[in-house]
Structures are given as C-alpha cells and as structure tokens.
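Residue numbers (the numbering used here), protein chains in the order written: chain A, 1 to 267; chain B, 268 to 534; chain C, 535 to 801; chain D, 802 to 1068; chain E, 1069 to 1335; chain F, 1336 to 1602.
From the three backbone atoms N, C-alpha and C, an ideal C-beta is built for every residue, glycine too.
Please read the structure below before turning to the comments.
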C-alpha cells in the first residue's frame, strides 16, 4: 500500500458510540462490496461513523463534501497543463478506486443529480470507473468501498437521488442517540460533567419536538458539544446556550422565545 | 484487431438468463446493422444483456453512463494540449466507431436531448461520424454497433428522445424475469439456496405491485442479490432486507411499513 | 479542386426515387444560387435527396447535424492552440464556403436560433462569411450552396426559424412517397419481395393516420426498411415489426395495441 | 489609409433605388457624427442601403450579424495565445473605430441587451472605446461611423433596446418600396421583364396585407428576386412562386391556400 | 504621478452648466472620501458632470460602462498568459485605486448585483481592494474616488442596488436643466441660434410630460443637440426632428403622432 | 509566523465600542475553536467588530466579500499557468487556514449556497480543507478561525444558509448601538460635536422605525458618519443630510418627504 494514502488514514480511534447493529452491518456490506447510503438528520453522527469504520477496518478514507457546482470531472479527474504537456490528475473518486480507499460522498444530493451517474459503474458487478478523457478503464482496487450520506428531511422535489442510483446502495438509518448515550457523548467530548450535559440534551430534545412546527431541524449533538465547550471555558450556561444553540438555529422571534424558555427551564 | 481494445473485451461469459427471443433479435439487428434501443425498468438486466451479447458476439463493449452535463465533445472527442501542440483524443463513441466496438449509451435520455443528435449519422446508411473539429469524416468500422437504453417509466415531458432519434432504432422491451427464473438468478449470484431466493423474489413482487401507488419503482433483481449476499455472510434475513431492500427504496413511513410487513411475512 | 474534398464526395449514386419536380427545382436553385430549405416529416427522404443531388451535380457534400449546443464557432471555425502558437481551423460552414461544397444543415431549428444568423451573409448577394476572429472576409466559392432541413410538425413556439432567416431561402416540401413508390423503395433497400414491402407500407399508412391522435409522427420509410431487413434475415414478420416498428415509436399501451393490431392484420 | 481595409471596401456601386430623403439624411448624420439606427421590416433594403452609402462615401464597411451569443469581447476584441505570449485581436467594432470604417451592426436587438452597452462611449462626445483588457483607451478615427438595424415588428418584451441606447441614435424608417419602384428593382436584379416583375410585386402586396392576420411578415423584395431568378432560368412561374415565395414564408395551410390563390390570380 | 494616467486625463474643460449646489457637494464628498451615487434620467448630464469635476479637480477619470455580463474580474483584473508565464492585468477599478484616479461606474445596476460587492472594501474605512487571485491587498491611493450612476426610473424588482451597497454612498439627484439653461446648452453645443434651441427644448418638455403615459423616457438633452446639429448642417427642422427625436424614441404610432404634432407646433 | 501575513495584520487599534458581552464570547469561541456567525443589519458594526477582535487577539485577518459568482475555487485556490507549468495559488480560505489567520466571509449568503459547503470540513473536528485539485489534505493552523456575517433581514426564500451549515457555527446578534453610544461613535469618527451627532442619531432612529413600512433598512451608523463628515467640512446640515442620508436610502417620494421632515425637525 503506497505512501500516497498516508494523509487519508485515520491516525487515532475516533470517538464513536454504537447505537444498534450498524457496525456489524457496515462490516458485512464492506465484505459483500455493497455500496452504502447513510440516512439521517444533520449532525447526528454519520460522518463520525464513517471515520470510525475506516479506522476500524484499517482503510484510508477520502471524504468529498458534495456541492451543486460539482461536475463529473471534479470526482473523476482532469488533465492539468504541465511544462511537458498535459498530466492526468485523479479526482477523489478515481483516487479512492485506484488505491483502495473508502470514498465518502457527504450530502450527495447536493451534487448535480446526473453527476452522481458517474458512480454507477463502480456500484455494480463491474466495479469500474471509465476515465473517458484519459482513455483508461479503471477497475476498482479490491479494498475500495463507496459510502454516501443523505438527509431525507431536506430533499425537495427538485433534489433527490434517482431510483437507478438508490437501487445500487444498501441503506442505514441514523437518528439522534438515546438520552443517556447522547449525554455521555457530550460530556466526553466537551469535557463537562454529565449533569450539565444531561441538561443540554434535554434542551435539544425539546427543540427536536419543534421540528416541522417552526424549526427545520432540531439541535444537533454537535451544537450541544459547542455549548458544552463554552461552559467548560467558563462562559455562563445561559450565554453559552444563547451563542451556541439558540441564535444559530433560528431567526424567528417566537422560536427564539420558545428555545430561550427551554434553556431557562434547565439552567 | 488492435490491443487498444483489450480492456473493453468481456473476459468471461457474464451470467445471463434469456427471457424470450431477445438474443436472436439482437443477433439479427447486429447483422442488419440496425441500432437498438433497450427499454425497461431500473435493474431488470439491460446492462447485463448487452455485456452478454458483446461476449457472445466476441466484440469489445464501450459503455457510457450518460448524464445531463454530457456534451457532444464528451462523446465525440476533443483536442488536448500537448508538449508538441494539440493532440486529438477520441471520445468513447468515436473510439467505438473507429475500432469496431459495440457502444452502449446507458440511460441515454439523461444526456442533453440534442447531444444525442450527434449519433444520427451513425444510425443511417452513412454509418459515419463527422469529427468536425478535427476535419475528419470517420466512417464506422463494419463491426461497430450502437445500443442505447431507456427507462420509459422515468421520462418526463422535459426529457424524452426526439422522434427523429427514436425512428433510427429498433427496440427491445425488458421486464423483470418470471418468478422461477428470477429466484434462480438471485440464488446463483448471491450464493444462497433457492428457497431463500424465492422468498426475496416474493417480496420484490409485492413491491412491484406498489409501483405508482407510493413507490416510483419496485425492488430490482440487483437489490435482491444485495440482500442475498448479506444473508450469505451471516446477516439475519430481517436485517439484510431492511438494509438492502426497504431502507434504500423509500423514506415514506407508510411504504416502509408495507414493505417491512412483506418482509416479515416471508421471513 | 483540392484533395481535401475527397472525403466529402458521394462515391456512388445514392438510391433516390424522385417524387415530383424536386430535382429540376433543386438544379434551378443551385444555378440561381438560391439557398434551399427542405421541409417534411422525419425519415421521408430529405437527407437522401440532398445526397442524391450532390452526386448528380458532382459536388462534395458537408452535412452538419445541428444541435442545441451548437455555437457560431462550431459552424464558422476557431483557433486551436498549436506548438507554434494558434492555428485557424475552419468549421464545416467555412470549409464548404471556401472550397465550394454543398453545405447541408440538418434539423437546423435544433441549432440556437441566433447561431443560424451567421449564415445570413452567405444567403444574400454578398455570399460571404466574415471570419471575425480571424479577421478574414471569406467570399464563398462559386460552387458553394447552402441547404437546410426543417420539420414543420416539430416546431414549438420556442423553436422556429426567424422570418429574416426563412425569407432567405427557397423551400421544397417533402412527404412520404406514394404507396407503390414506397413499396418499391422498401423492397429495393431491404432486399425483400414487393408483396412483403407492400404490407409494411400499409402498416405505415395506418400509423400515419394516427399522427396527432396519440402518435407524434407516423412510421417512416426508414423504419419500414429496418423491419424489412430483419425479415430478410429470417426474423418472423411479427417479431420484426414489433422490434423495428411498434416498440420504437411509442410507449403508450393503447397506441401499441392499435399498431400491433395493424401488424396482425397484414401478417 | 491602410491596406488592411481593402477587403472591407465595396468594389462596385451596389444597386440601390432611393425612396425618399434617406441619402441626404445619412450624409448629414455622417457629417454630424450622429450614429444611425435603420428601422424596418425584413428584406426591405436596409443592408443594401448601408452598402450603397459606404460606396457613395468611399468608406470601408464592417458588417456584423448580431446574435444572442455575442459577447462584448466578440465586438471589442480579445487576447489570442501566440508563440510569443498573447497577442491582441481587435474585434470588428474596435477594428472599424481604429481604422475609420463604417460599422454596421445588423439586427442589433439579437445581441445581448447589455452587450450593446459597450457601444455607448462610441456614441457620445467621447467617440472612444475603452479596451479595458488591453489597457487602451481607443479614440475613434474621424471617419468612423456607427449604424445599427432594428426590426420593430419583431421586438418582444424581452428583447428591445434600452432607452439609454436608443437615445444615442438618430433613426431612419424603411418600408417596402412603392409598386413601380419595386417592380423596377425586381426586374433589374432578376433579369426578367417588368410585366412579370409587376405580377410578383402584386402578389407581395397581397401578402403584406396579411401581416398580423396569419403572417408574421409579408413577402420581401429579396424573395421576389428569388422567384424572378427561377423564372429567368426557365422554371414555370407557378412552381417558381411556390418554391421561392409561398413555401418558405408559412406552414399554415390556410395561409398557403390564400397565397397560392394570389399567385394563381396573376400567373 | 505616472504617465500611464495621461490617456485618462480630461484634456480641456468640458462644457458643463451647474444647476444647483452639485459642484460644491461633489468637492466636499471628494475631500471627505465619501463615494458618490449620481441619480437621474437618461441623457440629463450625469456623465458630463463627472467629466467636468475630474477636469476641475485635476484628476484622471476612468469610466466603465457597466453591463450584465461584467464579472468581478472585469473590474478587478486577471492574469494573462505571457511568454514568461502569467502576468497580472489590473482591471479599471484596480487601476484607478492604485494610481489615484476617479473611477466612474456608469449604469451600475446593469452589472450583476453581486459583482458590485467587490467595491465594498473600497467604500468604507479600509479603502482597500483585495486582489485575491494575485494575493495582494491593494490600499487605495489617497486621490482615488468612486462615483456610480443610477437611473431610478429604470429599476425593476430584479435589478436594484443592495441596501448594503446603497448605504456606502452619498447621492446627488439630477434632472433635466431648466428651460433657459437647456436652450443655452443646446445652442452652444449644436452651434445653432437660441431661438431654434428654444423650440427644441419646448418639444422635449412636451415629450417629458408623456413619460409614463406611453413613453418610457422623455427626449434627452443629447437628442436635442443631435437635432440641432442636423439643422446646423442644413437639414430642414421637420426632417431633423423626425430623424433625431421622434423616430428613435418610439415605434408606437399614437406616440409618434403626438410627437410629430408637437414638432409641427413649433416649426 | 511568516512575512506573508504582514499585509493582513491590523496596524492600529480600530475604534470599537463594545455593546454587551460580545468581546468575551468571541474570545471564548476563539479558544474553543468554535466558528462564529455574526448576525445583524447593514452597517451596524459587524465588520468593525471583527477587525477589532483580530487586533485584540493579535491575529491577521483575511476578509472576503462574498458574491453570487464566487465559486469554490475562488475560496480554495486554483492552478495558474506558469512558465514552468502550473503553480498552485491558495485562495483566501486556504491561505488563512494554512497560515493561521482569522478568515471573515462577509455577507456569506450572497455566495452560492453550495459553495459554502467547502467550509464544512474546516468547521468540525477535522479542521481540514481538502484541496482536491492539488491532492493535498490541508489541516488548519491552530490559530485559524472562521467568522461569517449574515443579515437576517435580507434573506429571501431563495437565499439562506443550509441547516447543516448553520449548525456548525455559534452566533452573535448585532444591533444598532444605544442612542448615547451611537452619538459618541458618530461624534468621534466624524469629528463633530456630540450635540450635532445626537441630532443625526435621532434622525436615524426615526428612519429605523420606518423599516418594513416603506424602507428596507434604516439609516446606518456609517451613513450618519458620512453626514457628519460633510458637516465637519462646512456643508450645511440640511444639504449634508440630503446627500448622505435621504437621497441614498430611497427613491420613494413619500419616504423622502418623511425623512426630509425628520431632518427638518432636528436641524
């Protein structure tokens, strides 16, 4: 395995608290070379899970934050002009396929719907990526694995995966962790006591009940850790929750009042 | 025949289970140099059929996954900058026409409607591809054959082939295989017993009856193979069906319940 | 006349069966240097007619399949980067004007409406093409002639030729040939007996009556030849008509039934 | 005056038959350096008039057929890559301004509305064209003159000149010539007798009364000349009118009948 | 002060007739380094005023006619390819900021709304222009001043300056000059007697009352000068007004009649 | 710390008058490496606050005025063509991440929504920026900090930050300062007496009550300073308020009357 992969290896075990059978299922999908789709709300741990699995399987991880302007060339590669003419530069997907990394396409529905079509030949029996501009038919390394993430709450009519893409993937659902588990995660990551973390999780749970009733999303675990980190640095809990939880998530005065009240209930 | 085609040859006979007279008709179309259009739902075996026929006829196969950003140059070719000036690079269509491969344009309606116009001179008596930028009038190799795929269930008003394109092709309809045939395919590919494969096919058939009643597409043979592969690796059938069948195909809670119930009926 | 035109010459007399006075009128228009517009439905023989006339007049023919992404530069030419700087590459229109070929712009309404404006100075007294990027004012060769095709049944409000373009052309109408003529053409091209060809034409005529009543276009002569070629290769007539006539032209079940019934009536 | 202008000079007096005081007014506008806008229907002689005036004034003429894809760089110029780096290439507008030609922007509303803004500094006291990419502030040659054409019958709400552009130009209206004058023009140009030309003009006048009642434009003088030229080559008048007048201008069956009837009335 | 500015200096005092306190206010704004926005209808003298002030303050003037296709790079600059690699080329805004010129962005709302955002850092305390592609943080020369023009009558909902842009500028309103002043301007510029100029201004005033009642804009001072110049060259006043005033401003027959009647009243 | 940062350092303490606990919270967020979002109306001091904090923390500041045309490459960097091939040029975000500056993305919602996705990996535990084109996985310098600004009053349905972006930031609300504080700021910055500044603030407060009742935004502190600076240069207060306050903010006659009346009340 080449040095070129060094920077894509996960150096230390990332903190990850399994919720159900997702670790086992990921292992089986990896063994069966079945591409995987991770579904769930913002900030519930999908990215962390992939990092954990890459570390656990000892494979390098190439993460691509997908965006609307992403073209097929951004994933596959392109020719760059060089002193001696043109030089081929693998894109992240070709790089991962060639060298045997796990390729994680984060928020894949943000990409142009048809850009994702380039991943098709990598997701069936062929496991190949035709680099048409280069005239190479790249067969994927046996260690290559493709994982995509997807937030079902977001999808509009305009932005959804095509059926012919969906049917190429197995899918794992993700949710916010259970109360006790989430408190433990927040306490551990923000270096605060569990009692304070417990209050932050309670506030988050109230916000999640407001989803669809004025909030697009509830507070994520990541935001609770932010608030905890400010508290750990001596910021008063009310100010920390204002800056890290309430102000970022909404500009609606009624929603702000509701969330401020929830904060005041617990602190 | 040149070495350049080696990577486009099908190395071993791809598993394919004929359904009707499609093999004979493909052979006759190939002999008559009549371009072919394969119609049918996602994952019912169109791609596998083309691979089988390429193997059977002993011809190399150039597959292009069409997408919305595909320009005429992506199919035909372009000049690349080189140390000694510009160098012409055949696109996949020109490559196949020049060297005598079967060119398979997968999901052709995804391509810009008028990009497909470049295929017109290859589909009539001329069998030629004018490479206008290069100033070459490329006459197709006698072995060249053009095949396109097309999913009628998908087409919107905005995306359909033009009449003047359609009329240049013969068409073969594809459907899911009959129950016993599909069970055999799933058992064979996923290395599971036929009894289990039989249950998976039964679940798929229920899902296909839901098409148009909440599902855009039914479960494909490919998905059943995915589920079978997980079961073959020791994943419990209920978990395997959840990951490989139900979660990928829909986010609608009612549909999920209906499909989970179908899974529970058989396992 | 230069060798560069060799590949654009029609090597042998293309089969063409005159219908009315179109050959005489084309000759007069060519002599009068009046650009021509050929109007008519898909596959009724417009392209074949131009090839025939190019052969008859002994002039090379440059055919351009127009498409929506076609820019003025695609017709006129562009600078290419070369080892010694930039080199001008004539587009097909400039090539034909410079060297005295017939230039045939097929399905010209597919081109961007205003791309076609570049043809204006070639269609009036000036008979010139200003190559602005090159700083050359190219006067057309005396043998140059411009022909465009146009399918009136297709035009939407969004896509039509501008009046100032239309008024620069004479126009010839094309229709499907008369029954006996079309049978003769199909028999001759597909190498089948006239009785079989006659049946195919009868099926086509039924389909053409369905135009506007569920079909966008009727079956073209080209499709009948396709069906005939399959029959000539031993495919059963019913299967040949299914593959070459009915399946390509429509996905609508009722239309398919109607057309299948027409096929069954004659075979 | 440099040789570079040779190809833009009008070699011989173009046939032009003055209608009113347009020649005098053009001369005064040229002397006053007032840019001019020529308004009128398709094919009524605007282009011919500019060519005549360029010949009369002894000035070279640079004509640009405007189109929707035309960018400011297409008019002003750009850097081209050369063996020794980049080389500036004047666009037609900069070329005319630098060397003192008449620049005629034909169908200027076809250009992007704001592309035409680049002509503003050339149309006021400054008479200058800032070549921003080149860092040159080009002051126009004293002989430079700007003329644009414009078809008021065409303009949609989406495509019209901006007020701040219109107000920079004087305007001359053009119409079809009077009956006797138009007959004389047609006879002279098509080399037919005046009696035949007279009939063609009579047909055209009927068509012009149909404008707005089913026709977008009436038959132009240019079309009458086309018909005359076919007749001069021995084509029967009915066939010549069909090809050169009726078939090009409309696909509407009722309009075709009305125009065919008009033709039959006179021939 | 460098030679490079020579071509941007106003060589002679431009004719300008102050209307109110605009000269004093411009001087104070220049001294206070407060960017200015000039508001008013087409052709009322905004551009002339800026030229006058640049001459009066003895500063070079860089004028940019803004258009819809203008990108940030067009204002700021870009790298050009050179024999020895790439060379930075200041755009007009960077040029003016670096060398201390007045930069006048004419019809700034024509530019893409967000292109104008690049001017923000030049309009607050920073007075800087980050040339991000070049990696230079350009601090503006003390003499640099930014002036933009804006026609409030034009603005649609789609095209308006952002509040965060507007709030960075002081604003001066411009209107057509008072009758006597405008007559004096027209007489002086067109070299005609004041009595004739007086009639032209009276016609313009009638047209300005039609604004919003069939005319988008009234006749501008610039148009009156055009008419005067034709009269000074011996064109009859009725013909001069037809060409220079009525025909350019409208194609509506009723409006033309109304304006022709106004002309006939005075001449 | 390298010299390359010199031009991004704040040379002297920028005037900033703290309003609440925003300085303390920014310090805690910086220590906790929590990215920050500054929310508030135009011209209320967000930019000034960031400059103050950069000076206070002794860190260089890289400010990017976001705009609609900004692509991911504009933030991240690109390859430039050089004599010896291509050379990588860090964009401002990569530059700040690599060298440890505070990166301030001003009016971030103006950027394409998905361009902002490139900032995601910099805002979670990874604190990394994958430079995919370069094949570098850039880990952020420990001093790097990301700050964005956001004007909630502006956001349309089309332009808003994605939830998955918002949840990565803490947020600080900004408002106009209290009356006495704002008067002090205006007096201090414009070098006028507090009594005059007091009147200007009173006018601003009236305008802010009109927000949503005909005005999109109230008068900003920046505008008051502009007016004060004109007064300090001897411009009469009524003229100064007309130029610096009323004319820039609205073209609506009623609003202008209301604001002129407010000015007249105080001066």
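| Through-space distance from residue 1207 of chain E to residue 1091 of chain E, alpha-carbon basis | 27 Å
| task | Give me the Cα-Cα distance between residue 1140 of chain E and residue 1186 of chain E, rounded to the nearest whole angstrom. | result | 7 Å
| query | Nearest-angstrom Cα distance between residue 160 of chain A and residue 172 of chain A? | reply | 17 Å
| Closer than 7 Å at the beta carbon, the chain C residues around residue 528 of chain B | Ordered by position in chain C, no residue passes the 7 Å Cβ test against residue 528 of chain B, which lies about 31 Å from the chain.
| task | Please classify residue 645 of chain C: does DSSP put it in a helix, a strand, or coil? | result | coil
| message | Please give the ranges of any alpha helix (DSSP H) in the stretch 73–104 of chain A, keeping only runs that are unbroken, at least 4 residues long and fully inside the region. | response | 92–99
| task | Could you tell me whether the Cβ atoms of residue 245 of chain A and residue 185 of chain A are closer together than 8 Å? | result | no
| Does any C-beta atom of chain A lie closer than 8 Å to the C-beta of residue 1484 of chain F? | no
| Residues within the stretch 319–338 of chain B neighbouring chain A, beta-carbon criterion of under 9 Å | 329, 330, 331, 332, 333, 334, 335, 336 and 337
| said: Is residue 589 of chain C close to the ligand ADP? I mean its beta-carbon at under 7 Å from any heavy atom of the ligand. | reply: In the structure shown, the ligand ADP is absent, as is every other ligand, since no ligand is present at all.
| Start and end of the beta strand (DSSP E) containing residue 1078 of chain D? | Nothing about residue 1078 of chain D can be read from this structure; chain D reaches only from 802 to 1068.
| Should residue 209 of chain A be labelled buried (16 or more other beta-carbon atoms within 10 Å of its own) or exposed? | exposed
| Do you know how far the Cα of residue 1459 of chain F is from the Cα of residue 228 of chain A? | 15 Å
| request: Ignoring anything shorter than 4 residues or poking outside the stretch 404–466 of chain B, list the alpha helix (DSSP H) runs there in chain order. | output: 430–433 and 446–457
| said: Quick check on residue 39 of chain A - is its C-beta less than 8 Å from some C-beta in chain B? | reply: yes
| message | Would residue 835 of chain D and residue 971 of chain D be called neighbours here (beta carbons separated by less than 8 Å)? | response | yes
| residue 888 of chain D burial status per 10 Å Cβ neighbour count (16 or more: buried) | exposed
| said: Give me, in chain order, the residues of the same chain whose beta-carbon lies closer than 7 Å to that of residue 359 of chain B; leave out the 5 immediate sequence neighbours on both sides. | reply: 329, 331, 342 and 370
| Name the residues in the stretch 1155–1178 of chain E whose C-beta lies less than 9 Å from a C-beta of chain D; which are they? | 1155, 1157, 1158, 1159, 1160, 1163, 1174, 1175 and 1178
| task | Taking only the alpha-carbon atoms, compute the straight-line gap between residue 1512 of chain F and residue 1533 of chain F and give it to the nearest angstrom. | result | 13 Å
| said: Below 9 Å on C-beta distance, what does residue 517 of chain C contact in chain D? | reply: The structure shown does not extend to residue 517 of chain C, since chain C spans only 535 to 801, so no value can be given for it.
| field | residue 573 of chain C in three-state terms, based on DSSP | value | strand
| request: Anything in chain F within Cβ reach of residue 1291 of chain E, meaning under 7 Å, just list it in chain order. | output: The contacting residues do not exist; residue 1291 of chain E stays about 24 Å from chain F at best.
| task | Could you name the residues of the stretch 1241–1264 of chain E whose beta carbon sits closer than 8 Å to any beta carbon of chain D, in the order they occur along the chain? | result | none
| Spatial neighbours of residue 296 of chain B in its chain, beta-carbon cut-off 7 Å, leaving aside the 5 residues before and after | 303 and 437
| message | Would residue 1410 of chain F pass as an interface residue toward chain A - the criterion being a Cβ-Cβ separation below 8 Å? | response | no
| query | Between which two residues does the alpha helix (DSSP H) harbouring residue 1333 of chain E extend? | reply | 1321–1334
| field | Nearest candidate by alpha-carbon position, reference residue 1476 of chain F, set F/1361, F/1430 and F/1445 | value | F/1430
| request: Following the continuous beta strand (DSSP E) through residue 64 of chain A, name the residue where it begins and the one where it ends. | output: 61–65
| field | At least three beta-carbon pairs within less than 8 Å, the stretch 245–259 of chain A to the stretch 1378–1388 of chain F | value | no
| field | Neighbouring residues, chain A, relative to residue 516 of chain B (Cβ below 9 Å) | value | 163, 166, 167 and 171
| said: Just list the residues that DSSP pairs residue 482 of chain B with in beta bridges. | reply: B/478
| message | Just checking: is the beta-carbon of residue 1034 of chain D within a distance shorter than 8 Å of some beta-carbon in chain C? | response | yes
| Listed by chain order, chain A residues near residue 1472 of chain F by CB distance under 8 Å | 7 and 8
| Does the beta carbon of residue 773 of chain C come closer than 8 Å to any beta carbon on chain B? | yes
| message | Less than 7 Å between C-beta atoms, sequence neighbours within five positions excluded: which residues of the same chain meet that for residue 1031 of chain D? | response | 1041, 1044 and 1045
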